[in-house]
Amino acid sequence: MADMRYPDFNIPIVAATKAPAIRCVDVTLRVKKKLVLDGVSFEIPAGSLAGLLGPNGAGKSSLMRILTGMFPPDSGRAELFCAPAGPERLGVLSFLPDRGQLPPYLGAGEWLRLAAGLYPDWSEARMEELIVKLDVDRGQRIGSMSRGQEARLQLLTCLSRQAPIIILDEPFAGVDMVSRESIAQAVVGELADGERTFLIATHDIREMENLFDRIVLIGEGRMLGCHDVEALRAGGRSVESCYRDVFA
Amino acid sequence: MRGLFRLEPADAALLKLEWRAYRSMLPRDEASLTYWGLALTVLLVASLLLFGDGFSAQSIFALGALFVFLIGVYTGGGKAMTVWENGFREWWLGLPVSRSSLVKAKLFAACGIQYVAAAGIWLVCIGHDAVRLAGQEETGTMLGSDGLASLALAHAPLYAALVPLGTFAGYSLLGMYYGWRRWLLVPWIVVSISPFGLFGILSNLETDQAPYLGAGRIVQYAVVGVLLAVLAYRACLWLACRYGIPDLARHRPGSFGFVYGQRARKSAAVGNGRIGTGFASLYVLERSRYAYWSSIRPVRLVYGGLLLLAGVGGYFGARDPLGLLGGLRAMLVIPCIVPMLAITIQISHEANKRRLEWWLGLPYPRHLLLLARYIAVWAFVLRTAGGLLAMLAAGFALGGREGLDYFSHDGRIGSIFYVLTAYFLCGLFVSALAFLQACTLRSSMIGWLFMPLWFAIYFLPGTLMRWIVPESLMGATVGAYYWAGLAAGAALVLAAVPLAIRIGAKWIHLFVFNTTEDRWRRRGEQTFKFRS
Chain A
-15 MADMRYPDFN
-5 IPIVAATKAP
5 AIRCVDVTLR
15 VKKKLVLDGV
25 SFEIPAGSLA
35 GLLGPNGAGK
45 SSLMRILTGM
55 FPPDSGRAEL
65 FCAPAGPERL
75 GVLSFLPDRG
85 QLPPYLGAGE
95 WLRLAAGLYP
105 DWSEARMEEL
115 IVKLDVDRGQ
125 RIGSMSRGQE
135 ARLQLLTCLS
145 RQAPIIILDE
155 PFAGVDMVSR
165 ESIAQAVVGE
175 LADGERTFLI
185 ATHDIREMEN
195 LFDRIVLIGE
205 GRMLGCHDVE
215 ALRAGGRSVE
225 SCYRDVFA
Chain B
535 MRGLFRLEPA
545 DAALLKLEWR
555 AYRSMLPRDE
565 ASLTYWGLAL
575 TVLLVASLLL
585 FGDGFSAQSI
595 FALGALFVFL
605 IGVYTGGGKA
615 MTVWENGFRE
625 WWLGLPVSRS
635 SLVKAKLFAA
645 CGIQYVAAAG
655 IWLVCIGHDA
665 VRLAGQEETG
675 TMLGSDGLAS
685 LALAHAPLYA
695 ALVPLGTFAG
705 YSLLGMYYGW
715 RRWLLVPWIV
725 VSISPFGLFG
735 ILSNLETDQA
745 PYLGAGRIVQ
755 YAVVGVLLAV
765 LAYRACLWLA
775 CRYGIPDLAR
785 HRPGSFGFVY
795 GQRARKSAAV
805 GNGRIGTGFA
815 SLYVLERSRY
825 AYWSSIRPVR
835 LVYGGLLLLA
845 GVGGYFGARD
855 PLGLLGGLRA
865 MLVIPCIVPM
875 LAITIQISHE
885 ANKRRLEWWL
895 GLPYPRHLLL
905 LARYIAVWAF
915 VLRTAGGLLA
925 MLAAGFALGG
935 REGLDYFSHD
945 GRIGSIFYVL
955 TAYFLCGLFV
965 SALAFLQACT
975 LRSSMIGWLF
985 MPLWFAIYFL
995 PGTLMRWIVP
1005 ESLMGATVGA
1015 YYWAGLAAGA
1025 ALVLAAVPLA
1035 IRIGAKWIHL
1045 FVFNTTEDRW
1055 RRRGEQTFKF
1065 RS
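Protein sequence lines correspond, in order, to chains A and B. Each residue of the first sequence is one higher than the one before, counting from -15 in the working numbering. Each residue of the second sequence is one higher than the one before, counting from 535 in the working numbering.
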């Protein structure tokens, strides 16, 4: 029980940025008899902020679960910094699950103290900064928090880590407008370090449109496009118009 | 009485809606008939293997009755526990019918499916006794004065009464989530767990020792059962309609009770000490759940009461050391079952399935996550049971020299250590099996076949203990043969626990994809047409 950390947990971020942070090659997944992902392939360069966009049931959450090593794809490859995704790679990514919940009997402060022990790459300084930015009350019990308050605490937990990849699954789901703004601001603040890679699945395109520099479009488990946002803008299109063109 | 069970015409649709949730489980087509046939066959074979010599025909039917009652309690209780996290909850609460209609429809539908299960168990009991009688020349020892047919006929109304009794008792949990009603959890837990303790008694009954299990008495029990079922029905409706539904309407999925003001700010789950890193912090995370429960005032009061009872029991038990040891033996089944139940709830309760993603996302190998959970539950059980045993011993020591003298002769004290160690090992073994549930999600076929077996596993401690700690060993000198057997058992447990944890770790993520919502979404594609 000496050291439970994964050996690749503290991989140097500078070295890691030379490779694509996330790469999916022909990823296919079936859950029971349903084809959830059908040959999805894309690449996210290190240091970029990518949006994973698509309607409900498109397979976004399943793709993210594959990237977090929750389970392997039936076929194809999912890689993080050129190494296969899997539970042993959880050290290089910080994941915010969709509709995930924290232990309700803990106070927020208790959870954060525990998280500092659970995550070897935890940054106390960043946590203190985010507590102010996201307006989290350390004294409040998680079970008594509103959905928005808990969403902010969960995001704080994700962003207080120094993992080089951050995967956020619907960070705005059920969150009020003011909280959404503070979450988006926290993401922008994080981006200022320029070294992390973000993959964010969201329906709230407007809040995030200006932040994305790459978008991946998925519908009915199939890859429907992967665009550089600057190139889109250069062509006179916005993320929203591109989304409408594909899915409307 | 007629008004009590009356459903308004508009409620028929509601009942149909509730019944629809169970319809896919009915033996209604070739595939489901095969599943049912296989499941009952597995149950019959398992019962023949597990409940062989020492069980009379009456015991087997009585055991079946226990099963029927417990299935009712756990189905009702399980449904009452999951409705809080059910996505349909708010729609359901918004239906323009009375609260009692909402609850009645749930109760009647749940009873319906359990009558099918009870009929299956009844057939298995008949099959079991018929097979064993066919292989015996002298049937009197096993059957007593009753014929198999009269026993079977007498048990049919008992089973029919126990289905609603168990279901209503189980569903009454719906009104016990908040406020003063949480005190009712104590008798509820006693009702839901104590039948497991009866197993030991039933398994050692000879026919001539159990006239109260004869056919005539059983019919009387059925009448009492019906009366109790009516009482349970009234209590359940009152609790659920008056308290349960308003509580449900206020409940926020994922929250942990209503905590306002000061209580919302207080938490003693982690404490102020240093938490540590790595596996130590994982353990603290798991332990915090029990620390929180232990800090709740009603729980502390109940535990204090139990400590007092243990002390008093020990004091008076000093005059009947053998009886005390027998009682201890029957009660030790409970700490064997509690860790398994706790682990099952932690991984398969609807709200907990949603917490699995955060948990599985922690940067540790999964077997360590499971190991931390396993150690935490056992640390809690050992601390709780240890306190009770210490009080029992203290009371025993104060109760006079008689008891102390009894155990100080012929190495009888060894029998206490033997009993405690045997139960501890058995508990370690069966609670590790709880992690294997994840495998049942790999296919519906495995799930169906595993379901009856899984229920039988709760009786495993009682069954195993009949062989490992026989009645004759109570207060006697434990021979080298038994100690060697215990050592072999310890070796088996030491090998089996890590294996079960490894297998569980491989498939634990399947719970994430098997929330009720996910299952229905997948099932929706193959749904059959709704028949009016």
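Ideal Cβ positions, reconstructed from N, Cα and C, are used throughout, including at glycine.
Under a CB-based cut-off of 8 Å, is residue i close to chain A?
i: I947 (chain B); result: no
i: H785 (chain B); result: no
i: R900 (chain B); result: yes
i: R799 (chain B); result: Residue confidence for R799 (chain B) is low, a pLDDT of 49 falling below 50, so the modelled location carries little weight; the figure read from the coordinates is stated next. Yes, R799 (chain B) counts as interfacial toward chain A.
Which chain A residues sit within Cβ distance under 8 Å of residue i?
i: Y746 (chain B); result: Under the 8 Å cutoff, chain A gives no residues; its nearest Cβ is about 45 Å from Y746 (chain B).
i: R823 (chain B); result: P87, Y89
Throw me the rounded Cβ distance for the residue i and residue j pair, which I believe falls under 8 Å.
i: L143 (chain A); j: L114 (chain A); result: 6 Å
i: L102 (chain A); j: L819 (chain B); result: 7 Å
i: L708 (chain B); j: V617 (chain B); result: 7 Å
i: G934 (chain B); j: A852 (chain B); result: 5 Å
i: L699 (chain B); j: A599 (chain B); result: So it is not a contact: roughly 11 Å between Cβ atoms.
i: A1034 (chain B); j: L970 (chain B); result: 6 Å
i: A34 (chain A); j: V200 (chain A); result: 6 Å
i: R821 (chain B); j: A968 (chain B); result: The pair is not a contact, with the Cβ atoms about 18 Å apart (cut-off 8 Å).
i: T181 (chain A); j: S32 (chain A); result: 6 Å
i: S261 (chain A); j: V15 (chain A); result: This structure does not reach residue 261 (chain A), given that chain A is present from -15 up to 232, and the question cannot be answered.
Just to make sure I have the definition right: I need the residues of chain A whose C-beta is within less than 7 Å of the C-beta of residue i. Which are they?
i: L782 (chain B); result: Those within 7 Å of L782 (chain B) in chain A number zero; the least Cβ separation is about 16 Å.
i: Y826 (chain B); result: Y89
Within the 8 Å Cβ cut-off, does residue i reach chain B?
i: M111 (chain A); result: no
i: R83 (chain A); result: yes
i: F79 (chain A); result: yes
Mind pulling the chain B residues with CB within less than 8 Å of residue i?
i: L86 (chain A); result: R889, W892
i: G101 (chain A); result: I809, G810, T811, G812, A814, S815, V818
i: P104 (chain A); result: T811, G812, P897
Since residue i meets chain B, which of its residues come closer than 9 Å, beta carbon to beta carbon?
i: F55 (chain A); result: H1043, L1044, V1046, F1047
i: T52 (chain A); result: E891, L894, G895
Run down chain B in chain order and give the residues with a C-beta less than 7 Å from the C-beta of residue i.
i: G75 (chain A); result: P897
i: P71 (chain A); result: P899, R900
Residue range of the beta strand (DSSP E) that residue i falls in?
i: A185 (chain A); result: 181 to 185
i: D211 (chain A); result: The sequence given here has His at residue 211 (chain A), not Asp. Its beta strand (DSSP E) spans residues 206 to 212.
i: G53 (chain A); result: That residue, G53 (chain A), is in no beta strand (DSSP E); it is neither H nor E in DSSP.
i: G203 (chain A); result: 198 to 203
i: V9 (chain A); result: 6 to 15
i: R61 (chain A); result: 59 to 64
i: D22 (chain A); result: 18 to 28
i: L80 (chain A); result: 77 to 80
Where do the ends of the alpha helix (DSSP H) carrying residue i lie?
i: C645 (chain B); result: 633 to 668
i: I1035 (chain B); result: 1014 to 1041
i: F603 (chain B); result: 591 to 616
i: S225 (chain A); result: 223 to 231
i: L582 (chain B); result: 564 to 584
i: S684 (chain B); result: 682 to 705
i: G549 (chain B); result: Reading off the sequence shown, one finds Leu at residue 549 (chain B), where the question assumed Gly. It spans 545 to 557 - the alpha helix (DSSP H) in which L549 (chain B) sits, taken as one unbroken run.
Alpha helix (DSSP H) runs contained entirely in the stretch 804 to 885 of chain B, provided each spans 4 or more residues: 813 to 829, 831 to 851, 855 to 865, 867 to 882
In chain order, which alpha helix (DSSP H) runs of at least 4 residues are fully inside the stretch 887 to 974 of chain B? 900 to 932, 935 to 942, 947 to 967
Scan the stretch 99 to 171 of chain A and note each continuous alpha helix (DSSP H) run of 4 residues or more that stays entirely inside, going in chain order. 108 to 117, 131 to 143
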